[in-house]
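J.: Residues in the sequence shown are numbered consecutively from 1, following the numbering used here.
Can you read through this structure? Questions will come right after.
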Amino acid sequence: MTTHPLVFVAGHRGLIGSAVLRTLAAHGRMRALVRERSELDLADPWATRRFFLAHRPEYVVLAAGRSGGILENLRHPADLLHDNLAIQTSVLRAAQEGGVRRLVFYASSCMYPRDADQPMDESALLTGRPEPSSLPYACAKLAGVQACLAWNRQIGEPRFLPLIPNSVYGPGDDFDADSAHVLAALIRRFSEAAATGAARVTLWGSGAPQREFVYADDVAEATLALLEGEIAGLELPLNIASGEEITIRELAQKIATLAGYHGEIQWDRGKPDGAPRKLLDGRRLAQWGWTARVTLADGLRRTLDWYRAQPTPKLPGTDTDA
Ligand SMILES: NC(=O)c1ccc[n+]([C@@H]2O[C@H](COP(=O)([O-])OP(=O)(O)OC[C@H]3O[C@@H](n4cnc5c(N)ncnc54)[C@H](OP(=O)(O)O)[C@@H]3O)[C@@H](O)[C@H]2O)c1
């Protein structure tokens, strides 16, 4: 009887980690190893090293980290820098010592220069300054990409694969009013506004920025394909794009309609917009043989259904009309 290889999914309760667990269960080709944060703090290098040496996972999905929308980046820049640096440094080192065969690390489109040509291809990294509001987070992620590439050079083979998904969304997203990314924040705002019958919802910025969203299960599919596939000669890092671009204004309108909100949408132009456009060039991964499958329309419906099915009522909102 063959035993399926062991894959450690770090951050299995998060948006991407939980999608990886779902996808692993559906494929049935690997056994998942998981730990709660209370059992294993991945920012602790000694505990992480002991864990890797004791369990010797063959594969690792490094989906543990800290991220968030503009508000989180403005309020907790030092935590974002510190936590991501600490986790990735500790896990990459332990994975190298534990003889891990292949590891996926998730970097971020925030790393690209704010004024990079669009769509942004991987060669644009480190050619200019990232958007200032998320610079500390971007620096941690740039360090993570460089750490993967440096370990690969030192080991002599590509074991650590840095992936750059554009904004990810899906079931299990963070809907917290303070830390949520834009899409989840809009789902929450419009769901609450629809439920309370609010006449007006005020959103940050102008609504003009253009964004690209990737469904979490698509990121998970790309991850498993890269863990298992032939990667000789594959250039790293790799963007994970959906190719579907939308303005924040159009996204807000779509989500408002899906959530059943019929009131006014106001834009607070005194608040920051973030980068004007963040579209990733997905050709490198497409040439290797992977493209996203879930459309934004389908992904939004699935995410909203998941949000509505959550047992904890998120109502009533207090800031819907702020
Ligand atoms: N979401 C996006 O749009 C996006 C886009 C590009 C890249 N990424 C990156 O992809 C990774 C995963 O993102 P995500 O959105 O899935 O994040 P998430 O939903 O916030 O989940 C993060 C996970 O990391 C765990 N974690 C945090 N600190 C930990 C620690 N010290 N020890 C052990 N576990 C720890 C959390 O545990 P608890 O459940 O206990 O909190 C949680 O399960 C992050 O590195 C993020 O920067 C995300």
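Ideal placement from N, C-alpha and C gives every residue a C-beta, glycine not left out.
Computed from a predicted model, the values in this text were never measured in an experiment.
Out of LEU238, ILE16, SER167, which one is the CA nearest neighbour of GLY65?
T.: The residue you call residue 65 lines up with position 65 of the sequence shown. For the residues LEU238, ILE16, SER167, the minimum Cα distance to GLY65 belongs to ILE16.
J.: Write down the C-beta distance between ALA292 and GLY243 rounded to the nearest angstrom, noting that I regard them as a contact closer than 8 Å.
T.: Taking the first residue of the sequence shown as 1, we reach residue 292 at position 292. Taking the first residue of the sequence shown as 1, we reach residue 243 at position 243. So it is a contact: roughly 7 Å between Cβ atoms.
J.: Output the distance between the C-alpha atoms of PRO276 and ARG114, rounded to the nearest integer angstrom.
T.: On the sequence shown, residue 276 is found 276 positions in, with the first residue counted as 1. On the sequence shown, residue 114 is found 114 positions in, with the first residue counted as 1. Taking the straight line from one Cα to the other gives about 8 Å.
J.: Which runs of the alpha helix (DSSP H) at least 4 residues long sit entirely within the segment 257-305? Give them in chain order.
T.: 283-288
J.: For the beta strand (DSSP E) containing ASN239, name the first residue and the last one.
T.: Along the sequence shown, read from residue 1 onward, the residue named residue 239 stands at position 239. It spans 238-240 - the beta strand (DSSP E) in which ASN239 sits, taken as one unbroken run.
J.: Should PRO305 go down as buried or exposed, given a rule of 16 or more other Cβ atoms within 10 Å for buried?
T.: Here residue 305 refers to the residue found at position 305 when the sequence shown is read from its first residue. The amino acid at residue 305 is misidentified as Pro; the sequence shows Asp. Looking at its Cβ environment, which holds fewer than 16 other Cβ atoms inside 10 Å, ASP305 is exposed.
J.: Is any heavy atom of ligand 1 found at a distance shorter than 7 Å from the C-beta of ASP178?
T.: On the sequence shown, position 178 is the one that residue 178 refers to. No, ligand 1 has no heavy atom inside 7 Å of this Cβ.
J.: With a threshold of 7 Å on Cβ separation, who are the neighbours of PRO165 within its own chain once the five nearest residues in sequence on each side are excluded?
T.: In the sequence shown, counting from the first residue as 1, residue 165 sits at position 165. In its chain, beyond the 5 residues on either side, TYR106, VAL214, VAL219, ILE240 have a beta carbon closer than 7 Å to the beta carbon of PRO165.
J.: Are there 16 or more other CB atoms within 10 angstroms of the CB of GLY299, so buried, or fewer, so exposed?
T.: Residue mapping note: residue 299 aligns to position 299 of the sequence shown, counting from 1. That one is buried.
J.: How many angstroms separate the CA atom of CYS148 from the CA atom of ILE155?
T.: Position 148 of the sequence shown holds residue 148. Position 155 of the sequence shown holds residue 155. The straight-line gap from Cα to Cα measures roughly 10 Å.
J.: Output needed for ALA322: all residues of its chain with C-beta closer than 7 Å, excluding positions within five of it in sequence on either side, in chain order.
T.: Your numbering for residue 322 matches position 322 in the sequence shown. Confidence at ALA322 is low in this model, with a pLDDT of 24, below 50, so its placement is unreliable and no value can be given for it.
J.: Go to PHE325, then tell me how far its beta strand (DSSP E) extends in each direction, as first and last residue.
T.: Since the first residue shown for the chain is 1 and the last is 322, residue 325 is missing from the structure and cannot be characterised.
J.: Shorter than 7 Å, the distance from the beta carbon of ILE87 to the closest heavy atom of ligand 1, or not?
T.: Stepping through the sequence shown from its first residue, residue 87 is reached at position 87. ILE87 Cβ: within cutoff of ligand 1.
J.: Answer yes or no: the CB of LEU6 versus the heavy atoms of ligand 1, is any distance below 7 Å?
T.: Locating residue 6 in the sequence shown gives position 6, where the first residue counts as 1. Flag unset: Cβ of LEU6 not near ligand 1.
J.: Roughly how many whole angstroms lie between the Cα atoms of ASP268 and ALA185?
T.: In the sequence shown, residue 268 corresponds to position 268, counting from 1. In the sequence shown, residue 185 corresponds to position 185, counting from 1. If you draw a straight line from the Cα of ASP268 to the Cα of ALA185, it comes to about 15 Å.
J.: Pick helix, strand or coil for GLN210, following the three-state DSSP scheme.
T.: By 1-based counting over the sequence shown, the position of residue 210 is 210. Three-state DSSP puts GLN210 in a strand.
J.: For a test of your reading of the model: does the CB of ASP217 fall under 7 Å from any non-hydrogen atom of ligand 1? Yes or no.
T.: For this step, residue 217 is matched to residue 217 along the sequence shown. Outside the cutoff, so no.
J.: Rounded to a whole number of angstroms, what is the C-alpha to C-alpha distance between ASP319 and TRP290?
T.: Sequence index remark: in the sequence shown, residue 319 carries index 319 (1-based). Sequence index remark: in the sequence shown, residue 290 carries index 290 (1-based). At ASP319 the pLDDT is 35, less than 50, meaning the model places this residue with poor confidence; the figure from the coordinates comes in the next sentence. Each residue's Cα considered, the two are about 41 Å apart.
J.: Looking at HIS55 and ligand 1, is the gap between the Cβ and the nearest heavy atom below 7 Å?
T.: Stepping through the sequence shown from its first residue, residue 55 is reached at position 55. Checking every heavy atom of ligand 1 against the Cβ of HIS55, none is found closer than 7 Å.
J.: For a minimum of 3 consecutive residues, which ranges assigned as the beta strand (DSSP E) are wholly contained in the segment 18-48?
T.: 31-33
J.: On the three-state DSSP scale, how would you describe PHE51?
T.: Locating residue 51 in the sequence shown gives position 51, counting from the first residue. PHE51 falls in the helix class under three-state DSSP.
J.: Whose C-beta lies closer than 7 Å to the C-beta of THR23 among residues of the same chain, with five residues either side of it excluded?
T.: Looking up residue 23 in the sequence shown gives position 23. The residues are ASP217, ALA220, GLU221, LEU224.
J.: Could you tell me which residues DSSP puts in a beta bridge with TRP204?
T.: Mapped onto the sequence shown, residue 204 falls at position 204. According to DSSP, which records beta bridges pairwise, TRP204 is partnered with ASP268.
J.: Three-state secondary structure (DSSP) at VAL9?
T.: Residue 9 sits at position 9 when you count from the first residue of the sequence shown. Correct three-state label for VAL9: strand.
J.: What is the rounded straight-line gap between the Cα of GLY317 and the Cα of ALA309?
T.: Residue 317 sits at position 317 when you count from the first residue of the sequence shown. Residue 309 sits at position 309 when you count from the first residue of the sequence shown. Residue confidence for GLY317 is low, a pLDDT of 38 falling below 50, so the modelled location carries little weight and cannot support an answer.
J.: For a test of the three-state rule: what should DSSP assign to LEU15, helix, strand or coil?
T.: For the purposes of this step, residue 15 is taken as residue 15 along the sequence shown, with counting starting at 1. In this structure, LEU15 counts as helix in the three-state DSSP scheme.
J.: May I have a chain-ordered list of the alpha helix (DSSP H) segments no shorter than 4 residues that lie completely inside the segment 61-91?
T.: 70-75
J.: Since I believe SER133 is in contact with ILE70 (beta carbons under 8 Å), could you give me their beta-carbon distance rounded to a whole number of angstroms?
T.: What you label residue 70 is simply residue 70 of the sequence shown in a count that begins at 1. What you label residue 133 is simply residue 133 of the sequence shown in a count that begins at 1. Contact holds; Cβ gap of about 6 Å.
J.: Taking 7 Å as the line, does the beta carbon of LEU186 fall inside it for any heavy atom of ligand 1?
T.: Counting from 1 along the sequence shown, the entry for residue 186 is found at position 186. Incorrect: LEU186 has no Cβ contact closer than 7 Å to ligand 1.
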